[in-house]
Amino acid sequence: MTNSELLKQLEDECRTYDFFGEFSDDFRVWQTSFRRSILINSLLKKLDYNGDAIEVYNRYAPDEYKL
Numbered sequence: 238m239t240n241s242e243l244l245k246q247l248e249d250e251c252r253t254y255d256f257f258g259e260f261s262d263d264f265r266v267w268q269t270s271f272r273r274s275i276l277i278n279s280l281l282k283k284l285d286y287n288g289d290a291i292e293v294y295n296r297y298a299p300d301e302y303k304l
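Per this note's numbering, residue 238 is the first one in the sequence shown, and the count goes up by one each step.
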């Protein structure tokens, strides 16, 4: 995948990600959120945490999750 495709995927994932889902009492919600956080982190790593990737992530992340 190219960097632009990875950035697009990162944006899609961040847009729909429930950043607080890992605090849920519902195991299914927690599990989905946990798996998606792993995916988002792997995308960030593939993009070497470059400026564009951080910008996309921070656009959707609540203040306490911003990088």
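Just so you know, even glycine gets a beta-carbon here, dropped at the ideal spot from N, CA and C.
Inter-residue spacing [alpha-carbon to alpha-carbon] between residue i and residue j
i	j	result
S298	R273	Note that residue 298 corresponds to Ala in the displayed sequence, not to Ser. The straight-line gap from Cα to Cα measures roughly 14 Å.
K245	V266	24 Å
D263	Y286	31 Å
E301	M238	30 Å
Residue i (DSSP reduced to helix, strand or coil)
i	result
S261	coil
A290	helix
F269	Reading off the sequence, residue 269 comes out as Thr, not Phe. Here T269 sits in helix by DSSP.
Y254	coil
K303	coil
Counted within 10 angstroms of its Cβ, other Cβ atoms place residue i as buried (16 or more) or exposed
i	result
L281	buried
S279	exposed
S270	buried
I277	buried
Interface flag, residue i vs chain C, CB-CB below 8 Å
i	result
A290	Protein chains in the displayed structure number just one, and chain C is not present.
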